[in-house]
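Structure, as structure tokens:
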Amino acid sequence: MSALKRTISGWKELWVVLFDNYLVMTKRKGSGPSTNTVEDRNEWRRKLLSAILARKVSQESNSIFRLKTITAETTSSHDGPAHPSGQLTGRVSCTLPFGVHDGRRFYAVGSEDGVWIGAPQQPNSIQRVIPLRMVTQLAFLVEYGLLVVLADKILYAIGIESVVPSLTRDADRPSDVFAFQRISNPHTPIHFFSVGRLAGRTLIISKKRKGVDSVFRILEVFLPAGEQGPPNIKVSKDFFLPSDTYDLLFLKTKVCILCPRGFEIMDLSDFSSATIPLEEDLQQMGKRPGAHKPIAMLRIREDEFVLCYEEFGLYVDKRGAPSRSPPVIEWEGVAAHAAWHAPYVLLFHDSFIEVRHIESGRLAQIMLGRDVRCLWDGRGVIPAEHPAFDDEFEDPRTPRIHAVLDDSDVLSHNPYNQTPHERDHVVELVPTERLVVPGTRYSPSLLSVADTLPPYTP
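Numbering (full-length UniProt numbering), first residue to last: 1 to 458.
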């Protein structure tokens, strides 16, 4: 809060109060003219910008994550020439970092105009490689070199060698390259898919609607006998749930399906299932069963999870019963997505990203923006069953969350700037030194740092 005083004009004090997503300017109750000179207005503006800058400096000094741009600005398909070099066009819906067998690293971006691929640290290297329309999801199966794409509600599998040729590729062996293949019925809309590994099998599970039911199809990916030639994809089984569903998550031995009733834990070997949490547990916490949309399930230790809903999170044990007292963390608003970067949960709202320490539930950081959306939450990259190198995502210093937002208002410190044509850009959330001490790896014991966290500074 800052005060602006003037003794000559009709007002004595102007108070500027900054909240997370808005500000209030007020003065003491009484009569008198408002400011009507350029000098007075400029003084107002100087004090306001000074308060915003002081707040930003305070936030950055205590930040857990910083935003790092990984692409150039994205524009509407109608804003400029068709697919210019180094320029993303169309509304971005998903991203995915991946590596190829020769050691090179890339990132893929899906938009309404296609799939784009670029190199890290080179925002202008991005170019469109797959001209599919309305791309909404991406996944990469490292062992098989397959890029899985959901575009216009049709599922495709694409050999990564066909879009990013390996430096060591043998041109005399074209049969080893997996061709572009549609792996769903073009007349049956696919709403989402998920990839994972269960019981040693690599699976792609897609969801379609049939009346009020959700019908899931399990596809298995495997190499042919002798492991020579491109991988095969076959239909394994179908199953259904008698309700709408929002997402499917792979657990260690089962899957979790997010639906209006809550979190359906299912064993794919016999399709037996159980819903957590129990209705009576929700009622005891003052929550109405079926009234809250689930958005994520996070494993925070071997025997404890956080069930994330749009408005709150719930600590439960491996049986789905509340594991703490109180068991609920209330979010700052209604979140559209939740992501996990131990030991923090990140909640994505339309105008900000909320960061909370999972052990204490304490608010640690808020990052502002417009049209904020989570593009990648760490899922979708299935490594080889026996990788030749360590999984980099075990290192807590590795970014594992991407988002898209327009933060031009925040960066320019101008709350009145409302550009008619917003230009979003894709960012990764990079951990700062406050998240992890260099040279260490995350373990549950590090959760004790929650007790020493300073309060969030709004």
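All C-beta atoms, glycine included, are put in the ideal place defined by N, C-alpha and C. The model shown is predicted, which means the values in this text are computed figures rather than measured ones.
Distance between beta carbons of PRO322 and PHE65, contact taken as under 8 Å: At roughly 29 Å, the Cβ-Cβ gap does not stay under 8 Å, so PHE65 and PRO322 are not in contact.
With ASP281 as the anchor, note down where its alpha helix (DSSP H) starts and where it stops. ASP281 -> alpha helix (DSSP H) spans 279-284.
Candidates VAL328, ILE353 and ASP424, of which the one nearest THR71 by Cα: Relative to the Cα of THR71, the nearest Cα in the group VAL328, ILE353 and ASP424 belongs to ASP424.
Do ASN232 and PHE239 have their CB atoms nearer than 9 Å? No Cβ-Cβ contact shorter than 9 Å links ASN232 with PHE239.
Is it buried or exposed, GLY380, if we count other Cβ atoms within 10 angstroms and call 16 or more buried? Buried is the call here.
Which residues bound the beta strand (DSSP E) around GLY262? Unbroken beta strand (DSSP E) run through GLY262: 262-267.
Simplified DSSP state of PHE271, which is helix, strand or coil: The three-state reading of DSSP puts PHE271 in coil, since its state is none of H, G, I, E or B.
Beta-carbon proximity list for ARG434, same chain, < 6 Å, skipping 5 on both sides: Shown here for ARG434: same chain residues with a beta carbon closer than 6 Å to its own, the five before and five after excluded, namely ILE64 in chain order.
Does the contact criterion of 3 or more C-beta pairs under 8 Å hold for the region 205-217 versus the region 130-141? Flag = no, the region 205-217 and the region 130-141 do not touch.
Report, in whole angstroms, the separation of the C-beta atoms of ILE358 and PRO343, which I expect to be a contact under 8 Å. A Cβ-Cβ separation of about 5 Å places ILE358 in contact with PRO343 under the 8 Å criterion.
How would you label ALA274, buried or exposed, when you count the other beta carbons within 10 angstroms and need 16 or more for buried? Per the 10 Å Cβ criterion, exposed.
CB of TRP331 within 9 Å of CB of ASP377, strictly: No, the Cβ-Cβ distance between TRP331 and ASP377 is not below 9 Å.
Leaving out five residues on either side along the sequence, give the residues of the same chain with a beta carbon under 8 Å from the beta carbon of PHE312. Around PHE312: LYS287, HIS292, VAL328, ILE329, GLU330 and TRP331.
In whole angstroms, give me the CA-to-CA distance for CYS259 and ASP303. If I take the Cα positions, the gap works out to 23 Å.
Straight-line CA distance for LEU155 to ARG45? Here the alpha carbons of ARG45 and LEU155 stand approximately 52 Å from one another.
Own chain partners of LEU347 with C-beta closer than 6 Å, once the 5 adjacent residues on each side are dropped: Closer than 6 Å at the Cβ level, and outside the excluded window around LEU347, lie TRP331, ALA335, ALA338 and GLU354.
How long is the line joining the alpha carbons of SER194 and VAL426, rounded to whole angstroms? Each residue's Cα considered, the two are about 22 Å apart.
Would you kindly work out how many angstroms separate the C-alpha atoms of LEU147 and ASP371, rounded to a whole number? Those two C-alpha atoms are separated by around 27 Å.
Considering only DSSP beta bridges, list what VAL426 is partnered with. Beta-bridge pairing links VAL426 to VAL404.
Given a cut-off of 9 Å, decide if LEU429 and residue 528 are closer than it, judged by their beta-carbon atoms. This structure cannot settle anything about residue 528, because the visible part of the chain is limited to 1 through 458.
Just to confirm my understanding: we take VAL215, look at its own chain, exclude 5 residues before and 5 after, and list those with CB closer than 6 Å. What are they? These residues qualify, in order along the chain: LYS208 and PHE240.
Give the straight-line distance between the Cα atoms of CYS94 and VAL129, rounded to the nearest whole angstrom. Between CYS94 and VAL129, the C-alpha separation is close to 15 Å.
Measuring from the CB of ARG370, is there a heavy atom of the ligand FMN at a distance below 8 Å? Here there are no bound small molecules, and the ligand FMN is not part of this structure.
Three-way DSSP call (helix, strand, coil) for ALA296 in this model: Annotated three-state conformation of ALA296 is strand, per DSSP.
Grouping DSSP H, G and I as helix and E and B as strand, with all else coil, what is TRP331? Coil.
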